[in-house]
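Chemist:
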Amino acid sequence: MRANLKGSAISFSSQRRAPRRRSPALPVSVKRMEKKLATTVGESARLARMRAGLTQADVAERIGVATEVYGRMERGKMLPSVPTLLRLCVALRSGPDELMGMAPRNGSARESPWAEEVPAGLDDTPEMRRLLRSLRRLRRPQLKLMHLVATAIILRH
1429 MRANLKGSAI
1439 SFSSQRRAPR
1449 RRSPALPVSV
1459 KRMEKKLATT
1469 VGESARLARM
1479 RAGLTQADVA
1489 ERIGVATEVY
1499 GRMERGKMLP
1509 SVPTLLRLCV
1519 ALRSGPDELM
1529 GMAPRNGSAR
1539 ESPWAEEVPA
1549 GLDDTPEMRR
1559 LLRSLRRLRR
1569 PQLKLMHLVA
1579 TAIILRH
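Quick note on the numbering used here: the sequence shown kicks off at 1429 and runs consecutively.
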């Protein structure tokens, strides 16, 4: 039984939730390959991060995930999604082939085509998107004021 709260009245329903569908079990060999890939991506990301002189928090912020999530990726406990892998490549200036262990690890980020400037739209984070949504609702005088505030904050640091 579930309690439904509407206003100040409480009603109970006897509806049961449908059982969750489980994804088909993967063969052990596939699970083993995924674990090896997660470990390879994590080790490669850690080396690229250290080569770039970044902290885990720096990379996590740049790719738009929590620091704890990025730490799990680096330890090989989880695989990034394809969009997150792309942002990781851009943030670490490494190609996906390098991070997935399909190419030798570069000694220098300059050799990689991923060493270019971050393309527009790939460097934004959830916080940046929220801020931009808020700023778009402001009128011109309010927007000018926010620009002055942001400039003052930047100059203080």
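The beta carbon of each residue, even a glycine, is placed where N, CA and C say it ideally should be. None of these values were measured; they are calculated from a predicted model.
Once the 5 residues before and after Val1487 are set aside, which same chain residues still bring their CB inside 8 Å of it?
Modeler: Once the five neighbours on either side are set aside, the close Cβ partners of Val1487 are Ala1473, Arg1477, Tyr1498, Leu1516, Ala1519, Leu1520.
Chemist: Which residue marks the beginning of the alpha helix (DSSP H) containing Lys1459, and which one marks its end?
Modeler: Lys1459 -> alpha helix (DSSP H) spans 1456-1480.
Chemist: Taking a contact to mean a Cβ-Cβ separation below 8 Å, would you say Met1528 touches Thr1468 in this structure?
Modeler: Yes. Within cutoff.
Chemist: Whole angstroms is fine: what's the gap from Leu1507's alpha carbon to Lys1459's?
Modeler: Distance between the alpha carbons of Leu1507 and Lys1459: 12 Å.
Chemist: Between the C-alpha atoms of Ile1582 and His1575, what's the straight-line distance to the nearest angstrom?
Modeler: Approximately 11 Å, taken between the alpha carbons.
Chemist: In whole angstroms, what is the alpha-carbon distance linking Glu1489 and Arg1557?
Modeler: Distance between the alpha carbons of Glu1489 and Arg1557 is about 13 Å.
Chemist: Which stretch, first to last residue, makes up the alpha helix (DSSP H) that contains Lys1572?
Modeler: Residues 1568-1584.
Chemist: So for Met1506, helix, strand or coil by DSSP?
Modeler: Note: Met1506 maps to coil in three-state DSSP.
Chemist: Would the beta-carbon of Thr1495 fall within 8 Å of that of Ala1485?
Modeler: Result yes, Cβ atoms of Thr1495 and Ala1485 sit closer than 8 Å.
Chemist: Count the other CB atoms, across all protein chains shown, that sit within 10 Å of the CB of Met1501; report buried if there are 16 or more and exposed otherwise.
Modeler: With 16 or more Cβ atoms within 10 Å of its Cβ, Met1501 is classed as buried.
Chemist: Within a Cβ cutoff of 8 Å, which residues of the same chain sit near Ala1578, ignoring the five residues on either side of it in sequence?
Modeler: For Ala1578, where only same-chain residues beyond five positions count, there are no Cβ hits under 8 Å.
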